[in-house]
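Taking it in order: structure first as C-alpha cells, then the write-up.
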Amino acid sequence: MLGCCTRSVLRLRQTQLRLAGLRCGYASQPPPPIHRVPLSEPLSTAAHPTVLESHPFISPTGSDGRAEPGRVSTLSNGIRVASQPHYGQFCTVGVCIDSGSRYEVAYPSGISHFLEKLAFASTQKFQSNDEIQSRLEKFGGICDCQSTRDTFLYAASIDRRGLETMVEILGDVVLRPNITEEELQFTRMAVQYEVEDAQMRPDQEPLMLEAIHSAAFSNNTLGLPKMCPPENTAGISRSILMKYLSTYHVPSRMVVAGVGVEHDQLVRYVEDHFVNSPPVYELSKAHADQSLAQYTGGLVSIEKDLSNVSLGPTPMPDLVHLTIGLESVSHQHPNFIAFCVLNMMMGGGGSFSAGGPGKGMYTRLYTQVLNRYHWMYSATAFNHAYGDSGLFCITASAPPQNLGDMTQVITHEMAKLTGHIGNEEFNRAKTQLKSMLLMNLESRPVIFEDVARQVLAQGERRDPREYIELIDQIQPADINQIANKMLASQPSVAVIGNLQNMPSLKDIELSLIDKMPSPSKRSFFR
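In our numbering, the protein residues as written are 210 to 735.
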C-alpha cells in the first residue's frame, strides 16, 4: 500500500512539473544553464518565466523611476515634520536642529561637544540612559546623537511598532533633559578623555579638520572649535547649557524626520510630544546669532613630535601632515555640483590602501601624486560645504624632510585645475559621483539625514534624480571656472608635525598664482 501511494504521488508530481514547464514556456526542455552565461551577454527569454510577469514586486520608487515623494508639514509651534516612504519593517526617526559649534560665538567653545555627550541621559520622564535603552530594546531600537559645525542630529532606528515610543523619547531627550550635576561631571571626564585621546592617537585627521577650519574662518562661525578646548571643560555649567538650549534648540529651528513611517501618524505623535508638551527650559527671547561665515584664509601650524605616537611591532612612520584649502561655495550655490565633480576627479587616498572597483585609483591624486612620488604617504581631496560658505582642500602627509616638496606638489595640482581636463577622467568622475550618491541613498539612515538636512536648509527634499541630471550637465569648462575663482582666494594652510622645512604662507600663495606646467620648474620653496 505504501509503495502504491508513493508511486501515485510521484506520477502526480511529474504531471505538475510538466504543466508548470508548459506555463513557463519551457515545454519539456530544461531551463538553460544560466550560471554558464557570461555577464557580458543578456539572458535568454527562457530565463524570465512569463508566470512572473504578473507578480507584484515591492519597489521604493514610483512608476517613473523617481523616489516616492515625501511630505512636509509645519506645526503650530513652528516645528517641521518630514517623512519619506520606505519599504521594510524598521524605520529611522530623528530630530535635526539648526545648532552647532558655529553658533558658540557668545558662549564658551565646547558647548556642542558637551550636549552631544549628554544626549539620551536622564529626562523628565526617564530616569537614566539605561531606562531609555530598555524601552528601545523592546522594539530592537538603537539611538545616537551627532553634532557638526552647523547641525545637531538626534536619531534612532526602530521597529515600526515602536514609533510612538521613539517619538516620545526624542521629545523628552531634546526638549526636557535634566542635566544633573552628576551627569555633567561624568561628561567633563568623557570630554577630557576624548580631547587627550585625539592628541595622542596616530590619526591626526580630527585635529587637521579643526586646524584648517580655524585657518579658513579665523575666529568666526565655522572657524570656532568643535572639540572643547581643555581650558573650557571646567567652566561649562548647567546654566550655560540651558541658556544655549533656550536660544538654539527651539521648535522653529527643528525638523522631525522619519523614513519608513506614515506621515499623518508621525505628525500626530510629534503634536503630542513636541507641541503639547513644553520644553523644560523657557524659550529665550534673545535672537540667535545670524552671522555669515567670513572666509579669511591664513596659517595654523602646530609643532608636534609624531615620531613615537605609535609604538609596537609595526609602528607608524614619522610623518608631517599638511592641508591646503581654498574658498568654495555653500551647498545651496549653483556651483555646488561642479565642486562635487571636482572633488571626485581629484579623489585620492593612502599609498598603502587596497584597490578595487570604485576605489578611485585613476583619480588625479593617485595617478599624478601617489603613483609618482614614493615618499607621499597619503593625499586626499575634501569639499566641506555649509549653508553660507565652503572649503575645498587637499590633505596630505609625508616624512618631515619632504614637507617642502609635498607643499610644492599639492599647490601644483591645485594650479593645474585651470588647465586641460581630459574627457576620460572627467566622465569617470561624474559616473563615480552618481554611483556614490545612489548607493548611499540605499541606506535608510542616510535617507533620513538627507531628508532632515534638506528640509532644514531649503524647506523640501529634492529628488535624487534631479541631482543626477545636474551632474550630467556639468562640463569641463565649469571646473576651470570654479578653479579660477578658488585660486583667487587667500589660501588656508594647516600643518601638524615637524615644521623645520615648512614654507611660508606667502610662498604658498605665490605658487598657487603661478601656472607653470611642471612642479620641477618652481623655485618658491628652495
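Every residue gets a Cβ at the ideal spot worked out from N, C-alpha and C, and that includes glycine.
Exercise. To the nearest whole angstrom, what separates the beta carbons of Ala686 and Cys305, a pair I think is in contact under 8 Å?
Worked result: So it is not a contact: roughly 36 Å between Cβ atoms.
Exercise. In whole angstroms, what separates the C-alpha of Ser698 from that of Tyr582?
Worked result: 28 Å
Problem set entry | Inter-residue Cα distance where the pair is Val550 and Thr532 | 20 Å
For this session: Within the same chain, show all residues whose beta-carbon is closer than 7 Å to that of Lys513, passing over the 5 residues directly before and after it, in chain order.
Result: Ile705 and Gly706
For this session: Report the three-state DSSP secondary structure of Thr589 (helix, strand or coil).
Result: strand
For this session: Let me know the secondary structure DSSP gives Gly507 once reduced to three states.
Result: strand
For this session: Take Ala424 as the anchor and find which of Ile680, Leu362 and Val509 has the nearest alpha-carbon.
Result: Val509
Exercise. Taking C-alpha atoms, which residue in Val468, Gln333 and Thr357 lies nearest to Tyr296?
Worked result: Val468
Exercise. Do you know offhand how far Leu300's Cα is from Tyr595's?
Worked result: The question names Leu, but residue 300 is Cys in the sequence shown. Using only the alpha carbons, I get a separation of about 27 Å.
For this session: Just the C-alpha distance for Met695 and Glu622, rounded to the nearest angstrom, thanks.
Result: 13 Å
Exercise. With DSSP run on the structure shown, which of helix, strand or coil describes Ile320?
Worked result: helix
Exercise. Between Pro522 and the rest of its own chain, which residues show a CB-CB distance below 6 Å, the 5 nearest in sequence each way excluded?
Worked result: none
Exercise. With a cut-off of 8 Å, do at least 3 Cβ pairs link the segment 675-691 to the segment 610-621?
Worked result: no
Problem set entry | Three or more C-beta pairs below 8 Å linking the segment 354-365 and the segment 407-417 | no
Exercise. Is the segment 534-543 touching the segment 632-650, taking contact as three or more C-beta pairs under 8 Å?
Worked result: no
For this session: Would you identify the three-state DSSP class for Leu231, choosing helix, strand or coil?
Result: Residue confidence for Leu231 is low, a pLDDT of 41 falling below 50, so the modelled location carries little weight and cannot support an answer.
Exercise. What whole-angstrom Cβ distance do Glu325 and Cys354 have, given they're in contact under 8 Å?
Worked result: 6 Å
Exercise. According to the Cβ coordinates, are Thr743 and Asp381 closer than 8 Å?
Worked result: Residue 743 is absent from the model: the chain starts at 210 and stops at 735.
For this session: Please report how far the alpha carbon of Gln667 lies from the alpha carbon of Val281, in whole angstroms.
Result: 12 Å
For this session: Spatial neighbours of Gly569 within its chain, please: CB distance less than 8 Å, with the 5 preceding and 5 following residues excluded, ordered by chain position.
Result: Met553, Gly556, Gly557, Gly558, Tyr575 and Gln641
Exercise. Which same chain residues, not among the five before or five after Pro487, have their C-beta less than 8 Å away from its C-beta?
Worked result: Leu384
Exercise. In terms of alpha-carbon separation, which member of Glu633, Arg573, Ser652 and Val655 lies closest to Leu626?
Worked result: Arg573
Exercise. Can you tell which of Ile288, Gln684 and Val246 has its C-alpha closest to the C-alpha of Asp481?
Worked result: Ile288
Exercise. Can you list, in chain order, the stretches of the alpha helix (DSSP H) that have 4 or more residues and sit fully within the segment 341-411?
Worked result: 372-384 and 390-409
Exercise. Can you name the residues that DSSP bridges to Ser606?
Worked result: His530 and Ser587
For this session: Within its chain, find whatever has a CB closer than 6 Å to the CB of Pro386; leave out the 5 residues flanking it on each side and keep chain order.
Result: Thr332
For this session: Name the residue from Ile546, Cys602, Leu372 and Val376 whose alpha carbon lies nearest to the alpha carbon of Gln298.
Result: Leu372
Exercise. At what residues does the alpha helix (DSSP H) containing Ala425 begin and finish?
Worked result: Glu414 to Ala425
Exercise. Just checking, does the segment 491-505 make contact with the segment 440-459 on the three C-beta pairs under 8 Å criterion?
Worked result: yes
For this session: Measure the C-alpha to C-alpha separation of Asn203 and Glu718 and round it to an integer number of angstroms.
Result: Outside the modelled stretch of the chain, which goes from 210 to 735, sits residue 203, for which no answer is possible.
Exercise. Does Val660 get closer than 8 Å to chain B when you measure Cβ to Cβ?
Worked result: The question asks about chain B, but that chain is absent: this structure has only one protein chain.
For this session: Enumerate in chain order the residues of its own chain whose CB-to-CB distance from Val404 is below 7 Å, with the five nearest sequence positions on each side excluded.
Result: Met436, Cys437 and Pro439
Exercise. So what does Glu600 bridge to, in DSSP terms?
Worked result: Glu is not the amino acid found at residue 600; the sequence shown has Leu there. Paired residues: Glu536 and His593.
Exercise. Looking at the structure shown, is Phe299 part of a helix, part of a strand, or coil, going by DSSP?
Worked result: strand
Exercise. Are the beta-carbon atoms belonging to Pro654 and Ser366 less than 8 Å from one another?
Worked result: yes
Exercise. Nearest to Arg410 by CA position, among Asn441, Met525, Arg671 and Asp498, is which residue?
Worked result: Met525
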